[in-house]
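Which chain is which? The protein sequence lines are A and B, in order. According to our numbering, the stretch in the first sequence is residues 60 to 481, in order. According to our numbering, the stretch in the second sequence is residues 17 to 111, in order. See below for the structure under consideration.
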Amino acid sequence: TDALNVLLIIVDDLRPSLGCYGDKLVKSPNIDQLASHSLLFQNAFAQQAVCAPSRVSFLTGRRPDTTRLYDFGSYWRVHAGNFSTLPQHFKENGYVTMSVGKVFHPGISSNHSDDSPYSWSLPPYHPSSEKYENTKTCRGQDGELHANLICPVDMADVPEGTLPDKQSTEEAICLLEKMKTSASPFFLAVGYHKPHIPFRYPKEFQKLYPLENITLAPDPEVPDSLPAVAYNPWMDIRQREDVQALNISVPYGPIPVDFQRKIRQSYFASVSYLDTQVGHLLSALDDLQLANNTIIAFTSDHGWALGEHGEWAKYSNFDVTTRVPLMFYVPGRTTSFPEAGKMLFPYLDPFDSASQSMEPGMQTTDLVELVSLFPTLASLAGLPILPPCPVPSFHVELCREGENLLKHFGSHDLEEDPELRG
Amino acid sequence: NPRELVAYSQYPRPADTPQWNSDNPSLKDIKVMGYSIRTIDYRYTVWVGFDPHEFLANFSDIHAGELYFVDSDPLQDHNIYNYSQHGEIPPSLMP
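Okay, structure coming up:
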């Protein structure tokens with residue numbers, strides 16, 4: 060009868076380059092372990108492949124044409140409508156809601172406040188080392204510091220001796236420890252920055268991906284039949300010093316093939332670094348005996364092109380930029396409760412080759428959308444169900460433009476959920 | 017029926033050809049919007065005129081189109097939208 064807690068993990072610019080999505084190269088044992096106890100959606104798509112519009116869309120449960128946010132320059136409550144958010148819905152139903160790291164996109168699109176106080180019970184946490192992310196902290200071959208795209212770092216060398224995602228994991232674990240003794244259920248959203256550019260990660264992760272094992276994208280040329288309007292000229296990575304030094308022609312490049320492989324190597328290394336952060340977070344949840352009464356949702360805001368169609372970054376309608384990982388762990392529903400004393404999420408070291416193979420959990424190939432995250436999480440937690448939005452819905456504070464995905468979690472929910480019985 | 021499930025995506029552009037702000041146009045500079053419909057069989061996209069002041073897409077003002085069949089072209093490298101407009105889809109790219 061106790062309300063289930065919710066841990067929402069949002070990873071910036073993560074495409075489904077993960078073992079649990081069939082990627083043979085990437086080492087992501089902790090995320091794969093989560094998937095083995097979850098319902099995994101093989102075909103989940105973002106509504107727009109760029110940070111703020113995608114995040115505001117899935118956190119309000121509305122499409123970009125309703126939030127009217129296609130760039131970074133407006134706050135939906137002022138610009139489109141006073142739409143309730145996913146955390147706000149939990150907060151208004153008795154949950155302590157907390158934000159760590161990059162959940163809303165910072166700046167105008169979340170009112171320079173991560174949509175506080177509407178969405179959060181506590182002031183949102185942002186890691187102090189984030190301010191160095193785009194500064195000259197990458198040691199080049201010349202021994203000097205640069206603001207590069209590819210930025211494997213020596214932890215002893217970086218300002219504050221830490222990285223944003225490490226700080227976010229520490230803060231999230233701190234909050235879990237505090238909530239362990241709280242009478243109220245919690246909704247904790249943790250937003251990890253990697254693998255968003257720059258690829259700034261502890262340099263040892265590069266060893267997981269020897270350059271000789273890194274191939275080019277299977278289709279690295281710009282297709283002849285691609286309309287010019289559909290092509291994204293990846294202007295953001297061109298601003299980085301190491302890419303600038305290559306003098307790549309605008310708009311079609313190409314990037315020299317050896318550098319293409321280095322970009323892919325560092326994206327994968329960033330994913331494995333991120334996987335360790337998720338692993339530490341989940342094993343702490345388990346150690347605190349919270350895994351049996353906490354729903355875990357794992358997703359990203361959009362994908363990232365790694366050279367496919369001669370493109371890099373997001374900013375397009377291709378599958379590689381809109382398809383995202385999406386999985387839900389629901390205690391006792393997507394996996395049976397573990398025996399007493401047994402852990403569901405022990406930390407797995409990506410450097411330990413034994414921790415690679417993992418039994419897959421529940422999966423579905425049905426097509427779903429990120430805009431369905433809000434109604435689905437609310438239903439899984441037993442909160443009041445969101446009604447479908449009318450068209451238009453600018454005047455409606457709480458409704459859903461996506462589907463409620465509860466039907467994918469097994470038939471016995473049909474009886475419990477009148478909306479789905481029909 | 018899984019075939020009836022649809023995912024919608026969209027992306028804005030400031031012009032029909034790539035330019036410095038193509039990746040991230042500000043609202044006032046958006047002139048074209050690419051709307052995609054995805055099913056497990058295909059991805060269909062139309063790039064249409066867009067009015068950023070009225071937030072209106074003009075679906076009779078089609079700047080370009082994309083059509084890819086998942087089975088025959090999973091990497092989406094062979095856009096057959098133009099063929100499809102004239103009903104001449106190459107057999108090799110038929111689903």
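Beta carbons are placed, not taken as given, at the ideal position from N, Cα and C, and that holds for glycine. Since the model is a prediction, treat every value here as computed from it, not as a measurement.
- Of the other Cβ atoms in all chains shown, fewer than 16 fall within 10 Å of the Cβ of A/Leu270; this residue is therefore exposed.
- Here B/Glu82 carries a strand assignment [DSSP, helix/strand/coil].
- The beta carbon of A/Pro447 does not come within 7 angstroms of any beta carbon belonging to chain B, so the residue lies off that interface.
- In this chain, the beta strand (DSSP E) harbouring B/Ile53 covers Val48 to Arg54.
- Its chain contains Leu73, Arg74, Pro75, Ala103, Phe104, Ala105, Thr358, Ser359, Asp360, His361, Gly362 and Leu429 as the residues whose beta carbon lies nearer than 8 angstroms to that of A/Val383, once the 5 sequence neighbours on both sides are disregarded; these appear in chain order.
- By the rule that beta-carbons nearer than 7 angstroms mark a contact, B/Phe71 touches chain A.
- Interface with chain A (7 angstroms Cβ-Cβ cutoff): B/Pro107 is excluded.
- It is roughly 11 angstroms from the alpha-carbon of A/Leu247 to the alpha-carbon of A/Gly160.
- Residues Phe100, Ala103 and Thr358 of the same chain have their beta carbon placed closer than 6 angstroms to that of A/Leu385, with the five preceding and five following residues left out of the count.
- Out of A/Lys150, A/His205 and A/Lys190, the CA that lies nearest to the CA of A/Ser178 is found in A/Lys150.
- Within the same chain, Cβ atoms closer than 7 angstroms to the Cβ of B/Pro18 are found at Ile56, the five residues on either side in sequence being excluded.
- A/Phe104 has a beta carbon lying within less than 7 angstroms of a beta carbon in chain B.
- Around the beta carbon of B/Glu70, fewer than 16 other beta carbons lie within 10 angstroms, which makes this residue exposed.
- The Cβ atoms of A/Lys190 and A/His205 do not sit closer than 7 angstroms to each other.
- Annotated three-state conformation of A/Ala111 is helix, per DSSP.
- Following the DSSP letters along the chain, one finds A/Glu203 in no beta strand (DSSP E), marked with neither H nor E.
- Flagged as an interface residue toward chain B: A/Met294, by a C-beta distance shorter than 7 angstroms.
- Per DSSP, A/Cys210 is one residue of the beta strand (DSSP E) stretching across Ile209 to Val212.
- Rounded to whole angstroms, A/Asp425 and A/Leu432 show a C-alpha spacing of 15 angstroms.
- The straight-line gap separating the alpha-carbon atoms of A/Ser342 and A/Pro405 is approximately 5 angstroms.
- For A/Tyr326, not one C-beta of chain B is nearer than 7 angstroms to its own C-beta.
- Our two residues, A/Leu445 and A/Arg297, have alpha carbons roughly 43 angstroms apart in a direct line.
- In terms of CA proximity to A/Leu442, A/His148 leads the group A/Met294, A/Thr126, A/His148 and A/Phe264.
- Counting only Cβ-Cβ distances below 7 angstroms, B/His79 has contacts in chain A at Val288, in chain order.
- DSSP places A/Met238 in the uninterrupted alpha helix (DSSP H) bounded by Pro223 to Lys239.
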